[in-house]
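Student: Quick one: structure below, then a few questions.
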Amino acid sequence: MDVEPLLRRLTGDEKHAPSAFSTLDVLWVLYDRVLRVDPRRLDDPDRDRFLLSKGHGPAAYYAVLAAKGFLPPDWLDDLGGADSPLGHHPDRLRVPGVEISSGSLGHGLGLGVGTALGLRAQGRLEPRVYVLLGDAELDEGSNHEAIAYAGATGLDTITAVVIDNRSASHGWPGGIASRFAVHGWTAVTVDGRDHDAVEAGLRQAADGAPHVVVAVVETKEI
Amino acid sequence: MRQTFIDTATALIDADPRTALVLADISAAAFEPAALKHPDRVLNVGIREQLMIGVAGGLALTGLRPIAHSYATFLVDRAYEQIKLDLAHQGVGAILVSVGASYDGSSAGYTHMSPMDVQLIDTLPGWTVHVPGHPGEVAPLLTAATAHDDPVYLRLSTQTNDIAYADAALLRPVRHGSKALVVAVGPMLAPVLAATRGLDVTVAYTHTPRPFDTTGLRELATSGNVAVIEPYLAGTSAHVISEALVDRPHRLLSLGVSRRDLHAYGTPADHAHRHGLDPATLHTSLTTWLR
Chain A
1 MDVEPLLRRL
11 TGDEKHAPSA
21 FSTLDVLWVL
31 YDRVLRVDPR
41 RLDDPDRDRF
51 LLSKGHGPAA
61 YYAVLAAKGF
71 LPPDWLDDLG
81 GADSPLGHHP
91 DRLRVPGVEI
101 SSGSLGHGLG
111 LGVGTALGLR
121 AQGRLEPRVY
131 VLLGDAELDE
141 GSNHEAIAYA
151 GATGLDTITA
161 VVIDNRSASH
171 GWPGGIASRF
181 AVHGWTAVTV
191 DGRDHDAVEA
201 GLRQAADGAP
211 HVVVAVVETK
221 EI
Chain B
1 MRQTFIDTAT
11 ALIDADPRTA
21 LVLADISAAA
31 FEPAALKHPD
41 RVLNVGIREQ
51 LMIGVAGGLA
61 LTGLRPIAHS
71 YATFLVDRAY
81 EQIKLDLAHQ
91 GVGAILVSVG
101 ASYDGSSAGY
111 THMSPMDVQL
121 IDTLPGWTVH
131 VPGHPGEVAP
141 LLTAATAHDD
151 PVYLRLSTQT
161 NDIAYADAAL
171 LRPVRHGSKA
181 LVVAVGPMLA
191 PVLAATRGLD
201 VTVAYTHTPR
211 PFDTTGLREL
221 ATSGNVAVIE
231 PYLAGTSAHV
241 ISEALVDRPH
251 RLLSLGVSRR
261 DLHAYGTPAD
271 HAHRHGLDPA
281 TLHTSLTTWL
291 R
């Protein structure tokens, strides 16, 4: 994966293995195999939308965007600088290819539902909306407003991806997938480091229901 | 005003495929005909106000012009961070249309009141705020707001003036005098006109407190005495007035709804009286200040 040197350049960190980045493999699979996006056509109305709801620690996101030609690798040398477009939470008005500005948890799924509805209302049935969340982010009640509504209305152009590193303070007894499934989502739980499994999970979306892929990775070190 | 909004929004959704409406159960029954005709653009998310604004932001990201609507306290107070982040921070706008202004819902108690909505919106950059004082002002304001993509807050009330003014985006003088300029915002015009009867003051009306007509203010405030009577939190526009008159000696009286939770029910008129916004109390406040 040619994203690893970019990631090191971004963080200046030689110690941490790529596995320190919980989202890295899922992001790579999305951008390398699944998303229909093109850095030369950022405003294509029929592009897939990828919304990083979990805006914390976007190093892996920036590295993948650089690897795929959305932003110049030079930008990676000044993460968080006063004049840098790359901050510790991404800004859609500063970074090409970034669909939403995120950071405060619990905003991406609502925006994703609205984006999916807006595309449908304009007859754009091809693009799919992917929203990446963290398991701790699901603590925010706003997510559950979106989960319940998307399930009840069968909004089948949205896929949620939940990176589960078991960082939610009070956990999710019964598993995360069940939270979505009870509202009518199709749900699959995969190994978040296994690229083929992640891709297969993402491709299991079906007509008539929103889809969630729970990508399990190593438990977050406290 | 609410019925005018429902009729106007229904017509706009019919006429303009860019317009979309997001509801959180409030007024959903009234919009049922529009929803049956345009199910993709009239969306009721249930009692989920955070989602209502998030969806509005998402719709706007795809190029639609969303209108989100509920009681002010649910629409603005409850979903404030969504308004802050899911709209302006994303670089998109929406039209937020509220009912239940200040103490319109007095009989329901403080849980259904929002006297602080305009002040909350005023913490955010770039918003246009319309506070119509008559149902006849609602349709043109809403229609104009659908023609662009900027953030607009339209605050509807059950309190109304006798006359609709079409040209009140700027300060519109409705009575002339020499001792002070009294600005009445939205439905405060009727009580202000009654309160200033016989006083030697200019009364100017606006239904658009943001952006505030500071040019008109400077032209009309020749006496240096300015009173601003607003139907929401007292002092909401004080910072704008002070800034506009920073190079001139002036006195400012800011009247509006107090911050106090009255823990009381009753009618809007009861609440107007207790907040000092009935004609008699306004008259006393103004004459004391002018003395």
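First to last, the protein sequences are chains A and B.
Counted the way full-length UniProt numbering counts, the first sequence spans residues 1 to 222.
Counted the way full-length UniProt numbering counts, the second sequence spans residues 1 to 291.
Backbone N, C-alpha and C fix where the C-beta goes; we use that ideal spot for every residue, glycine too.
#1: With 16 other CB atoms within 10 Å as the buried threshold, where does Val226 of chain B fall?
#2: Would Gln50 of chain B pass as an interface residue toward chain A - the criterion being a Cβ-Cβ separation below 8 angstroms?
#3: Can you grab the Cα-Cα spacing for the pair Val257 of chain B / Ala238 of chain B, in whole Å?
#4: Chain A partners of Arg78 of chain B, CB-CB under 8 angstroms?
#5: Can you tell which of A:Leu42, A:Gly110, A:Gly81 has the C-alpha that lies nearest to the C-alpha of Lys68 of chain A?
#6: Short of 6 angstroms in beta carbon distance, which residues of its chain neighbour residue 308 of chain B, apart from the five on each side in sequence? Order them along the chain.
#7: In angstroms, rounded to a whole number, what distance separates the CA positions of Tyr130 of chain A and Val37 of chain A?
#8: Between A:Glu126, A:Pro96, A:Asp191, A:Leu51, which has its C-alpha nearest Pro73 of chain A's C-alpha?
#9: Tell me the DSSP secondary structure of Asn143 of chain A in three-state form.
#10: Can you check DSSP and say which residues form a bridge with His130 of chain B?
#11: Going residue by residue through the region 138-182 of chain B, where are the continuous beta strand (DSSP E) segments of at least 3 residues, counting only ones entirely within it?
#12: Just how far apart, CA to CA, sit Ala152 of chain A and Ala139 of chain B?
#13: Going straight from the alpha carbon of Asp207 of chain A to that of Val131 of chain B, what length do you get?
#14: How many Å lie between Gly58 of chain B and Tyr232 of chain B at the Cα?
#15: In chain order, what residues of the region 84-101 of chain B put their CB closer than 8 angstroms to some CB of chain A?
#16: Does the region 157-165 of chain A come close enough to the region 203-220 of chain A that 3 or more CB-CB pairs lie under 8 angstroms?
#17: Only counting the same chain, and skipping five residues up and downstream in sequence, which positions put a Cβ closer than 6 angstroms to that of Asp117 of chain B?
#18: Which full runs of the alpha helix (DSSP H) of 4+ residues lie inside the region 8-74 of chain A, going along the chain?
#19: Any residues in the region 71-101 of chain A with a beta carbon nearer than 8 angstroms to a beta carbon of chain B? Which ones, in chain order?
#20: Per DSSP, what are the beta-bridge partners of Asp7 of chain B in this structure?
#21: So, helix, strand or coil for Tyr205 of chain B, using DSSP?
Tutor: The short version:
#1: Classification for Val226 of chain B: buried.
#2: yes
#3: 14 angstroms
#4: Within 8 angstroms of the CB of Arg78 of chain B, no CB atom of chain A is found; the nearest one sits about 11 angstroms away.
#5: Of A:Leu42, A:Gly110, A:Gly81, the residue nearest in Cα terms is A:Leu42.
#6: A question about residue 308 of chain B goes unanswered here, because the residues of chain B that appear run from 1 up to 291.
#7: Distance from the CA atom of Tyr130 of chain A to the CA atom of Val37 of chain A, rounded to whole angstroms, is 12 angstroms.
#8: A:Pro96
#9: helix
#10: His130 of chain B has B:Leu154 as its beta-bridge partners, per DSSP.
#11: 152-155, 172-175
#12: 33 angstroms
#13: 45 angstroms
#14: 30 angstroms
#15: For the region 84-101 of chain B, the beta-carbon criterion of a distance under 8 angstroms to any beta-carbon of chain A is satisfied by Leu85, Asp86, His89, Gln90, Gly91.
#16: yes
#17: Ala72, Val76
#18: 24-29, 59-67
#19: Under the 8 angstroms Cβ criterion, the region 71-101 of chain A contributes Arg92, Leu93, Glu99, Ile100, Ser101.
#20: Paired residue(s): none; Asp7 of chain B is not in a bridge.
#21: strand
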